[in-house]
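Peer 1: Take a look at the following structure, please.
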Amino acid sequence: MAAAHDESELRPVAWLLDQLAVGAQYALPKLALTQLMGRLAAMEGGAFTTTVIRWFIRHYGVNMLEAVPQNPAAYRTFNEFFTRRLASGARPLTKGTDLVCPVDGAISQFGAIDGDQIFQAKGHHYSTTALLGGDSALAGQFQGGHFATLYLSPKDYHRIHMPCAGRLRGMKHVPGALFSVNPTTARGVPGLFARNERVVCVFEGERGPWVLVLVGATIVGSMSTTWHGVVNGLRPSRVREWTYEGQEIKLAQGDEMGRFLLGSTVVLLFPQRRLAWNTGWGPGVDVRMGERMADWV
0 MAAAHDESEL RPVAWLLDQL AVGAQYALPK LALTQLMGRL AAMEGGAFTT
50 TVIRWFIRHY GVNMLEAVPQ NPAAYRTFNE FFTRRLASGA RPLTKGTDLV
100 CPVDGAISQF GAIDGDQIFQ AKGHHYSTTA LLGGDSALAG QFQGGHFATL
150 YLSPKDYHRI HMPCAGRLRG MKHVPGALFS VNPTTARGVP GLFARNERVV
200 CVFEGERGPW VLVLVGATIV GSMSTTWHGV VNGLRPSRVR EWTYEGQEIK
250 LAQGDEMGRF LLGSTVVLLF PQRRLAWNTG WGPGVDVRMG ERMADWV
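Mind the numbering: the sequence shown is residues 0 to 296 in numbering that gives the first Met the number 0, read in order.
Spelled out as structure tokens, the structure:
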């Protein structure tokens, strides 16, 4: 019988594989690849599109029993399939909780913001100011606050919902890189979520301001919100901002607020108050939209 490998012997191999996977991304023409995949995903390809969707369902284990419609042939484009809606009642909101999980996905990291530093992975932090596109005044409102980073894998439901009720104050599109946002890349690319293209959405809630950031990635064709539509269609090189202070755009807990056309990550920021996280949460744990995320103490 072959001897089992000691875990410490395997660590250098895992590290080398991570470095190779991350290093290859620096060489990839990420923007060109993303634009190409975005165009293909928006094409109405008939039987070919249906074949691709069926392959995707089998390969990633997508649960179509909860989708509307369930039939893969009913989707005209891959984007329609990827942003499919769920059957009524598929994601009930946990009653009586202050903050519900806004997405289906897996927990990357969550917890307290150390001053202005958000924990990304072992050996990697980034600042709230960098994440928010250089807005130090906005970042200051989350000094010592709380964050959650949630990764949406290809198999997941890709609409994003409100963790709590909020009034929209503003939105910012921050151009940036398009690295993958999977766990391997999070371990290997410093400041990943503050380097990638992102859409920053600022809300005012019952307990003060909070932020939901949609982070782009390789082959994420676009990011959209329910009040604006596609935000990053043109991908200009400058930061763009919108203010909604006089428009009274209010969304209730659980309302859809946006979606990814191909998958990515959301980062949530909350102010400095006592917060009790779901005790079942931990890095790598799968989560579902509507489950308890946390409660204010």
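Glycine included, each C-beta is placed from N, C-alpha and C at the ideal position.
Taking a contact to mean a Cβ-Cβ separation below 8 Å, would you say methionine 170 touches threonine 128 in this structure?
Peer 2: Numbered from 1 along the sequence shown, position 171 holds the residue referred to as residue 170. Numbered from 1 along the sequence shown, position 129 holds the residue referred to as residue 128. No Cβ-Cβ contact shorter than 8 Å links methionine 170 with threonine 128.
Peer 1: Tryptophan 297 by DSSP, collapsed to three states: which one?
Peer 2: The structure shown has nothing for residue 297, since the chain only spans 0 to 296.
Peer 1: Which whole-angstrom value describes the C-beta separation of glutamate 91 and isoleucine 159, a residue pair presumed to lie in contact below a C-beta threshold of 8 Å?
Peer 2: Here residue 91 corresponds to residue number 92 of the sequence shown, with the count starting at 1. Here residue 159 corresponds to residue number 160 of the sequence shown, with the count starting at 1. Checking the displayed sequence, the identity of residue 91 turns out to be proline instead of glutamate. So it is not a contact: roughly 17 Å between Cβ atoms.
Peer 1: In terms of DSSP beta bridges, what is asparagine 195 paired with?
Peer 2: As a first step, residue 195 must be located in the sequence shown, where it is residue number 196. Paired residue(s): Ala176.
Peer 1: Mind reading off the beta-carbon distance from valine 173 to glutamate 196? Whole number of angstroms is fine, and I expect it under 8 Å.
Peer 2: If you number the sequence shown from 1, residue 173 lands on position 174. If you number the sequence shown from 1, residue 196 lands on position 197. Contact holds; Cβ gap of about 7 Å.
Peer 1: Under the DSSP definition of a beta bridge, which residues are partnered with serine 221?
Peer 2: Taking the first residue of the sequence shown as position 1, residue 221 is located at position 222. According to DSSP, serine 221 bridges with Leu260.
Peer 1: May I ask which residues mark the beginning and end of the alpha helix (DSSP H) holding histidine 58?
Peer 2: The count along the sequence shown starts at 1 and reaches residue 58 at position 59. Counting along the chain, the alpha helix (DSSP H) containing histidine 58 begins and ends at 46-59.
Peer 1: Give me the residue from Glu247, Gly207 and Val238 with the minimum Cα distance to arginine 175.
Peer 2: Numbered from its first residue, the sequence shown carries residue 175 at position 176. Looking at the sequence provided, one finds glycine at residue 175 rather than arginine. If we check each option's Cα against that of glycine 175, Val238 comes out closest.
Peer 1: For arginine 287, which three-state DSSP category applies?
Peer 2: The sequence position of residue 287 within the sequence shown is 288, counting from 1. Correct three-state label for arginine 287: coil.
Peer 1: Can you give the Cα-Cα distance for glycine 44 and phenylalanine 81, rounded to whole angstroms?
Peer 2: As a first step, residue 44 is located in the sequence shown; it is residue number 45 there, counting from the start. As a first step, residue 81 is located in the sequence shown; it is residue number 82 there, counting from the start. C-alpha separation (whole angstroms): 15 Å.
Peer 1: Using only the alpha-carbon positions, how far apart do glycine 139 and methionine 256 sit?
Peer 2: Your numbering for residue 139 matches position 140 in the sequence shown. Your numbering for residue 256 matches position 257 in the sequence shown. Answer to the nearest angstrom: the Cα atoms are 24 Å apart.
Peer 1: Check the C-beta distance from arginine 168 over to glutamate 247 and give it rounded, since I have them as a contact under 8 Å.
Peer 2: What you label residue 168 is simply residue 169 of the sequence shown in a count that begins at 1. What you label residue 247 is simply residue 248 of the sequence shown in a count that begins at 1. Here arginine 168 is actually not in contact with glutamate 247; their C-beta atoms are around 11 Å apart, not less than 8 Å.
Peer 1: Closest to glycine 279 by C-alpha separation, out of Ala40, Asn62 and Ala105, would be which residue?
Peer 2: Within the sequence shown, the letter at position 280 stands for residue 279. Out of Ala40, Asn62 and Ala105, Ala105 has the C-alpha closest to the C-alpha of glycine 279.
Peer 1: For methionine 292, count the other beta carbons within 10 Å of its own beta carbon; 16 or more makes it buried, fewer makes it exposed. Which is it?
Peer 2: Looking up residue 292 in the sequence shown gives position 293. By the 10 Å Cβ count, methionine 292 comes out buried.
Peer 1: Are any of the Cβ atoms in chain B nearer than 8 Å to that of proline 270?
Peer 2: Absence of chain B from the displayed structure is noted, only one protein chain being present.
Peer 1: Using only CA atoms, which one of Gly88, Val212 and Phe192 lies nearest to cysteine 200?
Peer 2: Residue numbering aside, residue 200 sits at position 201 when the sequence shown is read from its first letter. Of the candidates Gly88, Val212 and Phe192, the one whose C-alpha sits nearest the C-alpha of cysteine 200 is Val212.
Peer 1: Give me the Cα-Cα distance between serine 126 and phenylalanine 55, rounded to the nearest whole angstrom.
Peer 2: Counted from its first residue, the sequence shown places residue 126 at position 127. Counted from its first residue, the sequence shown places residue 55 at position 56. Serine 126 and phenylalanine 55: Cα-Cα distance of roughly 36 Å.
Peer 1: Taking the alpha-carbon positions, what's the alanine 111 to valine 67 distance?
Peer 2: For this step, residue 111 is matched to residue 112 along the sequence shown. For this step, residue 67 is matched to residue 68 along the sequence shown. If you take the alpha carbons of alanine 111 and valine 67, they lie about 37 Å apart.
Peer 1: Does the beta-carbon distance from arginine 206 to arginine 272 come in below 8 Å?
Peer 2: Here the question's residue 206 lines up with position 207 in the sequence shown. Here the question's residue 272 lines up with position 273 in the sequence shown. The answer is yes: Cβ separation under 8 Å.
Peer 1: So threonine 148 packs on glycine 289, CB below 8 Å; how close in whole Å?
Peer 2: For this step, residue 148 is matched to residue 149 along the sequence shown. For this step, residue 289 is matched to residue 290 along the sequence shown. With 8 Å as the limit, threonine 148 and glycine 289 do not qualify as a contact, their Cβ atoms being about 19 Å apart.
Peer 1: Cα separation between asparagine 62 and proline 71?
Peer 2: In the sequence shown, counting from the first residue as 1, residue 62 sits at position 63. In the sequence shown, counting from the first residue as 1, residue 71 sits at position 72. In a straight line, the C-alpha of asparagine 62 is about 11 Å away from that of proline 71.
Peer 1: Please classify glycine 228: does DSSP put it in a helix, a strand, or coil?
Peer 2: Mapped onto the sequence shown, residue 228 falls at position 229. Three-state result, glycine 228: strand.
Peer 1: With alanine 185 as the anchor, note down where its beta strand (DSSP E) starts and where it stops.
Peer 2: Reading the sequence shown from its first residue, position 186 is the one you call residue 185. Per DSSP, alanine 185 belongs to no beta strand (DSSP E); it is in the alpha helix (DSSP H), 182-187.
Peer 1: Verify whether the separation of the beta carbon atoms of leucine 260 and alanine 73 is less than 8 Å.
Peer 2: Indexing the sequence shown from 1 puts residue 260 at position 261. Indexing the sequence shown from 1 puts residue 73 at position 74. The answer is no: Cβ separation not under 8 Å.
Peer 1: Under 8 Å Cβ to Cβ from glutamine 299, same chain only, skipping five residues before and after it: list those, please.
Peer 2: The chain is shown only over 0 to 296; residue 299 falls outside these bounds and no answer can be derived.
Peer 1: What residue from Val188, Gly228, Tyr150 and Asn231 has the CA that sits closest to proline 282's CA?
Peer 2: What you label residue 282 is simply residue 283 of the sequence shown in a count that begins at 1. Closest in C-alpha terms to proline 282, from the list Val188, Gly228, Tyr150 and Asn231, comes Tyr150.
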